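Student: All residue numbers for the sequence shown refer to our numbering, where the first residue is 474 and numbers rise by one.
Cβ atoms here follow ideal geometry from the backbone N, Cα and C, with glycine treated the same way.
As the structure is a prediction and not an experimental result, all values here were calculated from the model.
I have a structure here, written as structure tokens, and I will follow up with some questions on it.
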Amino acid sequence: MTGWPVTHSRSPMIHGYWLRTLGLKGVYEKFPVEPDEAVSFFSSLKSEQPEWTGGNVTIPHKEAAFKACDTLTGEAQRLGAVNTLWVKDGQLHGANTDGAGFLANLDQRAPGWDRKTGKAVVLGAGGAARAIVLALVTRGMVDLTIINRTRDNAERLVDDLNIEADIAGVHDLSKVLKGACLLINTTSLGMTGEPPLEIDLAPMKSGAVVTDIVYAPLETGLLAQAWAKGLTPVDGLGMLLHQAVPGFEIWFGQRPDVTSELRALIEADLERV
Ligand code: NAP
Numbered sequence: 474m475t476g477w478p479v480t481h482s483r484s485p486m487i488h489g490y491w492l493r494t495l496g497l498k499g500v501y502e503k504f505p506v507e508p509d510e511a512v513s514f515f516s517s518l519k520s521e522q523p524e525w526t527g528g529n530v531t532i533p534h535k536e537a538a539f540k541a542c543d544t545l546t547g548e549a550q551r552l553g554a555v556n557t558l559w560v561k562d563g564q565l566h567g568a569n570t571d572g573a574g575f576l577a578n579l580d581q582r583a584p585g586w587d588r589k590t591g592k593a594v595v596l597g598a599g600g601a602a603r604a605i606v607l608a609l610v611t612r613g614m615v616d617l618t619i620i621n622r623t624r625d626n627a628e629r630l631v632d633d634l635n636i637e638a639d640i641a642g643v644h645d646l647s648k649v650l651k652g653a654c655l656l657i658n659t660t661s662l663g664m665t666g667e668p669p670l671e672i673d674l675a676p677m678k679s680g681a682v683v684t685d686i687v688y689a690p691l692e693t694g695l696l697a698q699a700w701a702k703g704l705t706p707v708d709g710l711g712m713l714l715h716q717a718v719p720g721f722e723i724w725f726g727q728r729p730d731v732t733s734e735l736r737a738l739i740e741a742d743l744e745r746v
């Protein structure tokens, strides 16, 4: 796992749990890489074989990793960002598994979420929002509205991904939420140390799913409100756990499960900080 910083990454704990419970040999370690050294770090990876099979990339290196790859999955190609790397046949391969992790989390925690009728509203237009919007479109969501503090960033997202989506301003939030069946917060608002997300979920459709990709705290103000209003809240920890599955399967040859035991392990660690 590389990024800058990587001190608080839970990925070693997640992959360490799977290595242990599946009885596999291997290690998963953190490699902090300063921004100035990212290009040379990624270009050196192919020569690290066979000791190095692959790894994850987090901010701010996802774009540098993308540029270093010889081969990319369709999602990584469209997103211009890579969070999973591996070497095969002398080539550096890159994938972006954030969208798959997001969908798998909703499938597990709110089954049938994608069969509800109504619009989906995405708050935010950063790197995570890109992966999530692309995943929603791929899953067949056609009625999609993006709201972001900086409207230009939402417009760039829609242009870059070449998708159909409405863009609305923050002041239109209440109007946009009317009748919505899915709300996703992809901004950092509500995270420990960040300002709260100011929102009233009252206009949403009954039974709507509300998910926050912020997972520290696990129950954000947004999710607490969804719970109190009888909506279906889904926290962001599952996305983190599920996005790790494809990488582990590629590197170690076995598809791991996102179990309640793994979730409890990471939850306990989040509570310690
Ligand atoms: P990013 O690329 O920096 O995007 C940040 C987004 O938040 C942008 O839309 C930005 O709006 C918005 N924002 C930031 N501060 C704001 C404020 N004060 N008021 C209104 N909007 C604000 O970050 P990212 O990589 O997408 O990550 C976003 C969050 O998702 C982080 O908290 C990250 O930890 C979390 N995350 C979770 C997972 C998971 O697996 N659960 C995966 C990835 C990320 P502007 O465009 O106006 O700047």
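1. Just to confirm, is the Cβ distance from asparagine 569 to alanine 554 under 8 Å?
2. Report the three-state DSSP secondary structure of aspartate 673 (helix, strand or coil).
3. Indicate the three-state DSSP secondary structure (helix, strand or coil) for proline 719 in the structure shown.
4. Please indicate yes or no: does the CB of glutamine 716 lie closer than 7 Å to some heavy atom of ligand 1?
5. Is valine 731 near ligand 1, going by C-beta to nearest heavy atom under 7 Å?
6. In the DSSP assignment, the alpha helix (DSSP H) including histidine 488 goes from what residue to what residue?
7. Taking 7 Å as the cut-off, is the C-beta of isoleucine 686 nearer than that to any heavy atom in ligand 1?
8. Quick one: give me the first and last residue of the alpha helix (DSSP H) that lysine 702 is part of.
9. For lysine 535, count neighbouring C-beta atoms within 10 Å of its own C-beta (all shown protein chains included) and say buried if the count is 16 or more, exposed if not.
10. Taking glycine 563 as the reference, which of Ser516, Val500, Lys503, Val746 has the closest Cα?
11. Does DSSP put valine 594 in a helix, in a strand, or in coil?
12. May I ask you to report which of helix, strand or coil DSSP gives glutamine 564?
13. Compute the Euclidean distance between the alpha carbons of glutamine 581 and leucine 714, then round it to the nearest angstrom.
14. Are there any heavy atoms of ligand 1 lying less than 7 Å away from the beta-carbon of aspartate 571, as far as the coordinates show?
15. Given this structure, state the Cα-to-Cα distance separating tryptophan 586 from proline 669, to the nearest angstrom.
16. At a threshold of 7 Å, does leucine 713 count as lining ligand 1 (C-beta to nearest heavy atom)?
17. Please determine, among Gly572, Asp616, Asn626, the residue with the shortest C-alpha to C-alpha distance to arginine 588.
18. Work out the CA separation of leucine 576 and leucine 609 for me, nearest whole Å.
19. Can you tell me which residues form a DSSP beta bridge with valine 682?
20. For threonine 659, verify whether its CB is less than 7 Å away from any heavy atom of ligand 1.
21. Arginine 745: beta carbon under 7 Å from a heavy atom of ligand 1?
22. Measure from the alpha carbon of proline 523 to the alpha carbon of each residue in Glu502, Arg603, Trp724, then state which is nearest.
23. Excluding sequence positions up to five away, which residues of its chain have a Cβ less than 8 Å from the Cβ of threonine 623?
24. For threonine 693, does the count of other Cβ atoms within 10 angstroms reach 16, so buried, or fall short, so exposed?
25. Looking at the structure shown, is valine 606 part of a helix, part of a strand, or coil, going by DSSP?
26. Whole beta strand (DSSP E) runs in the stretch 501–552 with 3 or more residues, listed along the chain?
Tutor: Taking the coordinates as given:
1. One thing to note: asparagine 569 has its Cβ within 8 Å of the Cβ of alanine 554.
2. Three-state DSSP puts aspartate 673 in coil, outside helix and strand.
3. Reduced to three states, the DSSP call for proline 719 is helix.
4. Flag set: Cβ of glutamine 716 near ligand 1.
5. Set against 7 Å, the gap from the CB of valine 731 to the closest heavy atom of ligand 1 is not smaller.
6. Element bounds for histidine 488: 484–495.
7. At least one heavy atom of ligand 1 is nearer than 7 Å to the Cβ of isoleucine 686, so yes.
8. Looking at the DSSP string, lysine 702 is not in any alpha helix (DSSP H), and its letter there is neither H nor E.
9. Around the beta carbon of lysine 535, 16 or more other beta carbons lie within 10 angstroms, which makes this residue buried.
10. It is Ser516.
11. Strand, per DSSP.
12. Strand, per DSSP.
13. If you take the alpha carbons of glutamine 581 and leucine 714, they lie about 12 Å apart.
14. Aspartate 571 Cβ: within cutoff of ligand 1.
15. The alpha-carbon atoms of tryptophan 586 and proline 669 are separated by roughly 26 Å.
16. Yes; taking the cut-off as 7 Å, the Cβ of leucine 713 has a heavy atom of ligand 1 nearer than that.
17. Comparing Cα-Cα distances from arginine 588 to each of Gly572, Asp616, Asn626, the minimum goes to Asp616.
18. Rounded to the nearest angstrom, the two C-alpha atoms are 8 Å apart.
19. Partner(s): Leu655, Thr705.
20. Flag set: Cβ of threonine 659 near ligand 1.
21. At a cut-off of 7 Å, the beta-carbon of arginine 745 does not count as near ligand 1: no heavy atom of the ligand is closer than that.
22. Nearest option by C-alpha distance: Trp724.
23. Excluding residues within five positions, the ones whose Cβ falls inside 8 Å are Ala598.
24. Taking all protein chains in view, the Cβ of threonine 693 is crowded by 16 or more other Cβ atoms within 10 Å, so the residue is classified as buried.
25. DSSP places valine 606 in helix when its eight states are reduced to three.
26. Here the runs fully enclosed are 527–529.
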